[in-house]
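For the sequence shown, the numbering used here begins at 3 and goes up steadily by one.
Backbone N, C-alpha and C fix where the C-beta goes; we use that ideal spot for every residue, glycine too.
Computed from a prediction, not measured in an experiment: that's the story for all the values here.
Beneath this line is the structure, given in structure tokens, with notes to follow.
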Amino acid sequence: MAKVFSKKQTEAYASPRRMAELGRHVTETLNAHPRVQWLESPLVQLYVHQNFLSNADCDLLIDMIDSNSQPSTLYKGSEREGYRTSYSCNVDPADPDIQRIDKAICDLMGLPQSHSEILQGQRYQPGQQFKDHHDYFHQSESYWQYEGPHGGQRSWTAMAYLNEPEKGGATAFPQLKYEVEPRRGMLLIWNNMKPDGTPNIDTLHAGSPVEQGTKYIITKWFRLNKWREA
3 MAKVFSKKQT EAYASPRRMA ELGRHVTETL NAHPRVQWLE SPLVQLYVHQ
53 NFLSNADCDL LIDMIDSNSQ PSTLYKGSER EGYRTSYSCN VDPADPDIQR
103 IDKAICDLMG LPQSHSEILQ GQRYQPGQQF KDHHDYFHQS ESYWQYEGPH
153 GGQRSWTAMA YLNEPEKGGA TAFPQLKYEV EPRRGMLLIW NNMKPDGTPN
203 IDTLHAGSPV EQGTKYIITK WFRLNKWREA
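Quick look at the structure:
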């Protein structure tokens with residue numbers, strides 16, 4: 003049976019007030035940046051930064067992913083056959099290039115590195131996909147008993163495209179009826195919460211199947227509190 007947190011613990015791990023404050027801070031930071039573009043949706047705070055990563059950094063990350071990736075996983079208890087069929091890896095946080103890229107993402111968003119998870123690389127080959135899902139944690143799921151004390155709720159997501167597959171592989175937001183096509187070096191950013199600091203169900207998204215070629219991305223998730231790997 004999953005552990006039930008007290009009201010005080012739940013507030014510490016997923017405080018809507020603190021989530022809303024964090025959201026306002028990141029929004030102000032991104033809106034003030036001359037190279038960040040707001041994708042004008044009334045339902046989700048969604049931004050892009052074109053050419054955020056250089057070609058050299060994209061190639062470096064692709065090589066790391068190819069060298070270390072394993073079949074992607076889902077949280078225990080939420081596994082579904084064929085739901086996430088890509089390959090993933092956590093890149094080496096001690097690597098100087100990774101530290102530089104990691105810091106650049108955090109600085110862009112105005113968030114401390116201590117509140118972010120390790121960069122994760124993902125590779126999608128033809129037919130591979132990640133079906134509709136949320137990046138925030140559903141507190142009714144058993145994994146929350148581990149994730150709550152290890153950084154709390156996820157706040158923002160930053161995802162960079164490292165290449166452009168020949169066909170397919172868009173990031174689809176079905177609630178928005180909107181798709182983001184992979185563009186090499188582009189960083190896609192969104193708030194997993196609503197402005198009031200509660201989970202935004204409209205952030206539902208999917209890594210659409212790649213039809214031709216291979217798709218590479220890196221993803222960084224931010225937390226409400228300091229993150230430590232569970």
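Exercise. Does the Cβ-Cβ distance between V28 and N202 come in under 8 Å?
Worked result: no
For this session: Name the two residues that bound the continuous beta strand (DSSP E) containing E213.
Result: 212-214
For this session: Return helix, strand or coil for M111, following the three-state DSSP convention.
Result: helix
Problem set entry | Spatially closest choice to A34 from M111, S8, K196, T87, by CA coordinates | M111
For this session: Run the CB neighbour count on H140, radius 10 Å, all protein chains shown included, and call it buried at 16 or more, exposed below.
Result: exposed
For this session: Determine the extent of the beta strand (DSSP E) in which A208 is found, giving its start and end residues.
Result: 207-209
For this session: Please classify R19: is it buried, with 16 or more other beta-carbons within 10 angstroms of its beta-carbon, or exposed?
Result: exposed
Exercise. Under a three-way DSSP split, which group does Y49 fall into?
Worked result: strand
For this session: Whole angstroms is fine: what's the gap from I64's alpha carbon to L164's?
Result: 7 Å
For this session: Assuming R125 and S71 form a contact by the criterion Cβ under 8 Å, report the distance between their Cβ atoms to the nearest whole angstrom.
Result: 5 Å
Exercise. Between the Cα of W158 and the Cα atoms of P197, S142, Y218, G25, which residue gives the shortest distance?
Worked result: G25
Problem set entry | Distance between G215 and N193 (C-alpha atoms, nearest Å) | 30 Å
Problem set entry | Residue nearest to G199 in terms of C-alpha spacing, selected from L62, S90, Y138, E166 | Y138
For this session: Buried or exposed for G150, please, with buried defined as at least 16 other CB atoms from any protein chain shown within 10 angstroms of its CB.
Result: buried
Problem set entry | 6 Å Cβ shell around K169 - same chain, five flanking residues per side excluded | E213, Q214
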